[in-house]
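A.B. asks: Handing you a structure now.
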Amino acid sequence: MKMQAEVIREGELEKRSDSLFQLWKKKLVVLTKDSLSLFPDGHKRAKGKELGFGSILKVDCVERTGKYIYFTIVTKDRKEIDFRCPDQSCWNASITMRVFLLLFHPPPASGNRVGDGG
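Convert by adding 106 to the 1-based position in the sequence shown; the result is the number in our numbering.
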């Protein structure tokens, strides 16, 4: 059984669907030190999708309007996931900080290191 990670932040984001009409769907979002979990319809009871920060390449802030901040999470396999959040919620900054911290302060390797970064 998977152990529950410490929740850093929890709230609501809107994710643009991959469908033809690209509708915005509300998701309950749980930010932990290792991942971003998305739950449909605001319920953690439903099965959510987990996006580990190790798979994220970058977070791009695409546009800022008076009402929303639009941003894109780009994964290492070049998949783009579009989100929007209320302007003052700063979800994009919270996610970017977690990606930054893992990039520059990775957890200790468990045996197989790729490189020193130097």
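Glycine is no exception: its CB is placed at the ideal position from the N, C-alpha and C atoms.
None of these values were measured; they are calculated from a predicted model.
Tell me which residues share the same chain as Lys121 and place their Cβ nearer than 6 angstroms to its Cβ, disregarding the 5 neighbours each side in the sequence.
C.D. replies: Lys131, Lys133 and Phe189
A.B. asks: The alpha helix (DSSP H) that contains Leu142, what's its start and end?
C.D. replies: Counting along the chain, Leu142 falls outside any alpha helix (DSSP H), though it belongs to the beta strand (DSSP E) covering Ser141 to Pro146.
A.B. asks: Output yes or no for whether 9 angstroms exceeds the beta carbon distance between Thr202 and Val165.
C.D. replies: yes
A.B. asks: I need the straight-line Cα distance from Ile187 to Thr178, nearest angstrom please.
C.D. replies: 5 angstroms
A.B. asks: In chain order, what residues of the same chain lie with their CB nearer than 8 angstroms to the CB of Ala111, ignoring the 5 residues before and after it?
C.D. replies: Thr138, Lys139, Asp140 and Ser141
A.B. asks: For Val113, which residues of its own chain have a beta-carbon under 8 angstroms away from its beta-carbon, when the five flanking residues on both sides are left out?
C.D. replies: Val136, Leu137 and Thr138
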